[in-house]
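Participant: If you scroll down you'll find the structure; I have some questions about it.
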Amino acid sequence: MEQTFIMIKPDGVQRGLVGEIIGRFEKKGFSLKGLKLINVEQSFAEKHYEDLSAKPFFPKLVDYIISGPVVAMVWEGKNVVTTGRKMIGATNPSDSAPGTIRGEFAIDIGRNVIHGSDSVESARKEIALWFPEGIANWQSSLHPWIYE
Ligand code: RTP
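In terms of numbering that gives the first Met the number 0, the sequence shown has 69 at position 70, counting the first letter as 1, and numbering is strictly consecutive.
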């Protein structure tokens, strides 16, 4: 079953959006496979966002991610990478559709509350980076009520 890496950024944690966001993924039917609240070091944030290292906003982005604790999660389910990105909404909250997480809870691109892997390959890399200890092994008993 497909997995994705989802991170609630420091603004989402500070603003008390953790329960709201976890609730959306749970209610959709996805299964929580990994979860931790952590502060990351600058070098770790730079590694996570290494593909963006040439962008002018990179230093600000790294400062933002290390400014407070983040909630790192692994969610599992059919098409969870693409569906998770749809639930999150467009990168710039001014383009995020109403009903999406960023569409409901964010205004500025530099405070957009949440990250979600953009492909199955990135998800694999990000899960390995954020959860080197591994993730939980369990299967939701709701599966027969979610998948035909
Ligand atoms: P994320 O990786 O956080 O899920 O975001 P994304 O794929 O939707 O967007 P990406 O282009 O990978 O950018 C990563 C994060 O960098 C910040 N950003 N700031 N100031 C700017 O112009 C700008 N552009 C991007 C955002 O926090 C974005 O989520």
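Each residue gets a CB set at the ideal place from its N, CA and C atoms; glycine is no exception.
Please read all numbers here as calculations on a predicted model, not as lab measurements.
Evaluate the contact criterion for the region 119-131 versus the region 87-100: three or more CB pairs, one atom per stretch, below 8 Å.
Facilitator: No, they do not touch.
Participant: Measure the C-alpha to C-alpha separation of S52 and I64 and round it to an integer number of angstroms.
Facilitator: The straight-line gap from Cα to Cα measures roughly 14 Å.
Participant: Where in the region 35-106 do unbroken runs of the alpha helix (DSSP H), each at least 4 residues long, occur, reported from the N-terminal end onward?
Facilitator: You should have 41-47, 57-64, 79-87 and 100-104.
Participant: Between the Cα of M72 and those of S30, S93, R110 and F57, spot the shortest distance and give me the residue it belongs to.
Facilitator: Of the listed residues, the one whose Cα sits closest to M72 is S30.
Participant: With a threshold of 16 other CB atoms inside 10 Å of the CB of A135, please say whether the residue is buried or exposed.
Facilitator: It is exposed - the Cβ of A135 has fewer than 16 other Cβ atoms within 10 Å.
Participant: What does the alpha-carbon distance come out to for the pair I20 and F104?
Facilitator: Roughly 10 Å separates the two Cα atoms.
Participant: List the residues that DSSP assigns as beta-bridge partners of H114.
Facilitator: In the DSSP output, where bridge partners are listed per residue, H114 has M6.
Participant: Under a Cβ-count criterion, where at least 16 other Cβ atoms within 10 Å of its own Cβ denotes burial, should P143 be classed as buried or exposed?
Facilitator: Exposed: under 16 other Cβ atoms inside 10 Å.
Participant: Where does L128 fall in DSSP's three states?
Facilitator: It is helical.
Participant: Is any heavy atom in ligand 1 found nearer than 7 Å to the beta carbon of L16?
Facilitator: Flag unset: Cβ of L16 not near ligand 1.
Participant: CB-CB under 7 Å to V80, same chain, minus the five flanking residues each way: which ones, in chain order?
Facilitator: Hits under 7 Å: E1, T3, S116, S118, V119 and A122.
Participant: Beta-carbon within less than 6 Å of I108's beta-carbon, same chain only, minus the 5 sequence neighbours each way: which residues are those?
Facilitator: Only N91 meet the Cβ criterion.
Participant: Using 8 Å for Cβ pairs, my map puts I7 next to V69. What's the rounded Cβ distance?
Facilitator: With 8 Å as the limit, I7 and V69 qualify as a contact, their Cβ atoms being about 6 Å apart.
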